[in-house]
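Just so it is clear: in the sequence shown, position 61 is 148 by my numbering, and no numbers are missing.
Ideal Cβ positions, reconstructed from N, Cα and C, are used throughout, including at glycine.
Note that the structure is a prediction, hence the values are computed from the model and not measured.
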Amino acid sequence: EIQLRDIVSKALPSDSYSLQATLSNGKRPDCLIHLPNPPGPIVIDSKFPLEAYEALRRAKTEAGTRAAAQQMKVAVRVHLNAIADKYILEGETAEGALMFLPSEAVYAELHANFPELVREGFEKRVWIVSPTTCMATLNTMRAILKDARMREQAGAIRKELGNLNKDVERLAMRVGNLDRHFSQARRDVEEIKVSSEKAAKRAGRLHNFDFEELAEAKTEAIVPLRTPEGNG
C-alpha cells in the first residue's frame, strides 16, 4: 500500500485521487482515481500473495512445486474476486479495476507461469499491474485528466468570452449615451457663451455711456421765457 501511494503521488495531481475512500457499499479501496465519465472513477487495490509466492520459491520437488502453484492460483483468484465484487460498482465506479502487485518478480511469475490467472482477471475486468506497468497506466490516466480539464477550461473560456462580449456591448451603448450628453453639453456651453458675449457688450456700452454730456445737452436745449414789453 505504501509503495502504491508513492507511485500514485508521483504520477498524478493530489486532487485527482483519494486514498482509502469509502464507497457506497462501505468498502475502502487503497486508491480511487477520479477519472471523468467514461470510464469514471477507477479503483487500484494492492494485493500481494506473499505466502504463496514464497512457497513456490522454496519448493524443491515437483510435488512441492505443484502444491505451491495451486496455492498461488487460489490466492490470486481470491484477490481477483474480492476486487471485482467490492470495487466494481455500476453507476459509481468504472467498469474495471486494477490489482496492484508491489513486486515485479511476482508479476513476471504470473505472466510466465500462470497466464490463465491473467486471463481470468481480464474476464472479471480486473487488470493486474506491477509498479512499472502501474506507472505507465497512471501516465495514461494523467493524460485523460489533463484532456478533461482542458475541455472544462475551454468551456469556461467560452462562457467568459460571451460575458465579455455582453460587457463590450453595454460599454458601447453607454459611451454612445455619454457622447450624446457631451454633444448637448457642448451646444449648451456655446449658447451660454453667445449670451454672455451679448451681455458683456451691453454692459460695455452702458459703462462707456457719458451721463454728464447727456445732462449738458438737456440744459442747452431749454429756451428761457421772454418778459413782455411794457411791463415793468
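Taking all protein chains shown into account, decide if residue i is buried (16 or more other Cβ within 10 angstroms of its Cβ) or exposed.
i: Gly319; result: Interpretation of Gly319 is limited by its pLDDT of 47, a score under 50 that renders its predicted location unreliable; the figure taken from the coordinates is listed afterwards. So Gly319 ends up on the exposed side.
i: Gly178; result: exposed
i: Lys134; result: buried
i: Gly208; result: buried
i: Phe187; result: buried
i: Val213; result: buried
i: Val163; result: buried
i: Ala155; result: buried
i: Ile244; result: exposed
i: Leu232; result: buried
What distance in whole Å lies between the Cβ atoms of residue j and residue i, which are believed to be in contact at a cut-off of 8 Å?
i: Tyr174; j: Val205; result: Not a contact, Cβ separation roughly 18 Å.
i: Tyr140; j: Glu196; result: 7 Å
i: Leu99; j: Leu225; result: 6 Å
i: Ala181; j: Gly127; result: 4 Å
i: Met237; j: Ile94; result: Incorrect: roughly 24 Å between the Cβ atoms, too far for contact.
i: Tyr104; j: Leu119; result: 6 Å
i: Leu110; j: Leu167; result: The Cβ separation is near 18 Å, so there is no contact.
Using CA atoms only, rank isn't needed, just tell me which of the options is closest to residue i.
i: Ala184; options: Glu284, Val216, Ala162; result: Val216
i: Tyr194; options: Thr152, Glu177, Leu137; result: Leu137
i: Val165; options: Gln90, Met228, Lys211; result: Lys211
i: Met32; options: Asn124, Leu248, Arg115; result: For residue 32 there is no data in the structure shown, the boundaries of the chain being 88 and 319.
i: Val161; options: Gln240, Ala286, Glu203; result: Glu203
So if DSSP puts residue i in a beta bridge, which residue, or which two residues, is it bridged to?
i: Met159; result: DSSP lists no partner for Met159.
i: Ile129; result: Ile120
i: Phe187; result: Ser133, Val216
Closest Cβ-Cβ distance between residue i and chain C: below 8 Å?
i: Gln157; result: The chain inventory of the structure shown lacks chain C, comprising one protein chain alone.
**Study point:** Any alpha helix (DSSP H) of 4 or more consecutive residues that is wholly inside the region 193-268
**Key:** 202-210
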